[in-house]
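Protein chains in written order, with the working numbering: chain B, 1 to 147; chain V, 1001 to 1306.
Yeah, the Cβ is synthetic: ideal placement off N, Cα and C, and Gly gets one too.
Only a predicted model underlies this, so the values are computations on that prediction, with no experimental measurement involved.
Since the structure comes first, as structure tokens, the remarks are kept for the end.
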Amino acid sequence: MSGGSRALSEALELRIGRSLAATLLRIPECQAAAWVDLDSATLLSARYRGEFRKDLERIAAAASDLLDPRHTTALPDVFGEWDAGQDEGTDGELVVISGSTVNLFMRSRSRADRALIVRADGVRYLGALMSSVRQTLAEAEETIAIS
Amino acid sequence: MNIAYFTETLQSAGVGAPRKRSDSGIFCRRGPARTERTAERLLMLLDELERERQSGVLSYTSADGVRRYDVVVADGGVSYVSGRPGEADLDELMAEAGQRFAPIRRALQRARRRGLPLAQALGELAPEGVEALQRTLRRHVARGLWAMAGDEVYLQGPIRPLPGSVDPRMRHDPAAILEQLLCEIPEQRADRASELFRRSAADCELALLLCRGASGEALLPLSQHGKRPLRIVELNATLRCLKPLVHQSDLRAAGDQPELLFLRVRGALWTVAVAERHVAVFNSRDPYLRNRIISRFMAASGGNPA
């Protein structure tokens, strides 16, 4: 199933939605994938399995709160400067594990007010899931930048 | 009141300028005038911390440079943690407590015999034991604060009365003001988060163990492990950031109970483990730590790692 926001043009929604649908195909455990506008805590575009829409809206609201810079950037810099290039992760990534469910929140690099959220259940390898979601993020960055 | 005021107050009283450059302790300078200001401001500070429901840590370092007490004021309650890095000070304190505190002494012995953390053994105390512990801590913390206020006088002469602006009860008995504050010994039975802290703290640049207050909302610092202690400002910033992460209401409404959170900030990975009684926080630059944390956390409940 799919759902999108009126805030995006039809063409943009189609392009972003295609990338989200590909994510669902690539990750069998994935229940839902969506782009969120962090300022308004609303869904821009979403693809999901079954009847998942209601929970996805709540998770979009959670993304807006969890990725709020007031929470994240205020965390103290314990290390000082160091080379962050040791792995492929970037700032603005948040993983929340609740039992067998994993919620992944990734802030766009091109638009700080946009984030990709992915919800998966029964994930065996978190690293593989994160790599797939990072791929989705990278594929959509160009479109998100102009959204 | 904010934490900046906290720091400024202490510095203007001459206690924020350590003998050696350090942010981790409060050092008293010599001089009667400074002593008066120190004592007065300290008591005002405690009062304001309590009233404004702010968090902070007051540390008492004795004249010979040995850290004696850390008083943690969090969410309006005065709590206590022993001197870093472990429980030696509390041990010493209990040894002073005498036979009247037999349950506590037995908890100490039990902890040693079974190789348990002292906090865990204390968590198993009967209510009257906890009450006795609270009374003991309150008295000793009060004595510690008084000693801090009067430290330089101890070195230079008799204790002088505090200025008239201070409540008369405080002039001779700082314990009187502390009696008004809640002295809370959080329930400290082990859970998955504290177990993870025990196993993983040494792998991290920084590890914090927090106790969840009775309402589940408050986070009280219990223990810290790391290459350097967090400064008061950093501890407060960390607690402020953690609360929304731990208590995110929309996720809960979606049926999720967050147990593990991984957040990347400025290239470092913050890991937060949430359990029934404790919250453990880790900060590391090790890209492989996440997998180890997941395995250990799941293993603590017999689950399978993600």
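Rounded to the nearest angstrom, what separates residue i and residue j at their Cα positions?
i, j, result
"V/A1207", "B/A62", "26 Å"
"V/H1225", "V/A1201", "6 Å"
"V/E1276", "B/S98", "13 Å"
"V/L1210", "B/V123", "29 Å"
"B/A112", "V/E1195", "37 Å"
"V/L1260", "V/A1273", "5 Å"
"B/S64", "V/I1293", "26 Å"
"B/N103", "B/A74", "22 Å"
"V/Y1288", "B/R53", "34 Å"
"V/A1237", "B/P76", "7 Å"
"B/L38", "V/D1191", "35 Å"
"V/L1263", "B/T42", "22 Å"
"B/F105", "B/C30", "13 Å"
"V/R1212", "V/F1197", "15 Å"
"B/R15", "B/T143", "7 Å"
"B/T136", "B/D91", "16 Å"
"B/I146", "B/R18", "16 Å"
"V/G1086", "V/R1199", "Below a pLDDT of 50, predicted positions are generally treated as unreliable, and V/G1086, at 35, falls in that range; the measurement from the model is reported next regardless. Distance between the alpha carbons of V/G1086 and V/R1199 is about 16 Å."
"V/L1239", "V/L1219", "7 Å"
"V/H1278", "V/A1193", "6 Å"
"B/A140", "B/G127", "20 Å"
"B/P149", "B/V36", "Nothing about residue 149 of chain B can be read from this structure; chain B reaches only from 1 to 147."
At least one CB of chain V closer than 8 Å to the CB of residue i: is that the case?
i, result
"B/L94", "yes"
"B/A140", "no"
"B/A115", "no"
"B/L26", "The sequence shown places Arg at residue 26 of chain B, not Leu. So no, B/R26 is outside the interface."
"B/R109", "no"
"B/V182", "Here chain B covers residues 1 to 147 and nothing more, so residue 182 of chain B does not appear."
"B/I146", "no"
"B/V78", "yes"
"B/D39", "no"
"B/T101", "yes"
"B/D121", "no"
Quick test of your reading: residue i and residue j, contact by CB under 8 Å. State the CB separation rounded to the nearest angstrom.
i, j, result
"B/R107", "B/A115", "5 Å"
"B/I117", "V/A1254", "B/I117 to V/A1254, Cβ: 11 Å. No contact."
"B/L20", "B/A33", "4 Å"
"V/G1283", "V/W1270", "Note that residue 1283 of chain V corresponds to Asn in the displayed sequence, not to Gly. Right, their Cβ atoms sit about 5 Å apart."
"B/L66", "V/L1242", "Not really, about 12 Å apart at Cβ, beyond 8 Å."
Looking at residue i and the ligand HEM, is the gap between the Cβ and the nearest heavy atom below 7 Å?
i, result
"B/N103", "The model on display carries no ligand, and the ligand HEM is accordingly not part of it."
Does any C-beta atom of chain B lie closer than 8 Å to the C-beta of residue i?
i, result
"V/V1246", "no"
"V/C1211", "no"
"V/Q1257", "yes"
"V/A1193", "no"
"V/R1296", "no"
"V/D1309", "This structure does not reach residue 1309 of chain V, given that chain V is present from 1001 up to 1306, and the question cannot be answered."
"V/L1219", "no"
- Query: Mind pulling the beta strand (DSSP E) runs of 3 or more residues that sit fully within the segment 1243 to 1305 of chain V?
  - Reply: DSSP runs (the beta strand (DSSP E)) wholly in the segment 1243 to 1305 of chain V: 1260 to 1265, 1268 to 1274 and 1278 to 1284.
- What runs of the alpha helix (DSSP H), each 4 residues or longer, lie entirely inside the segment 23 to 107 of chain B? 53 to 66 and 69 to 72
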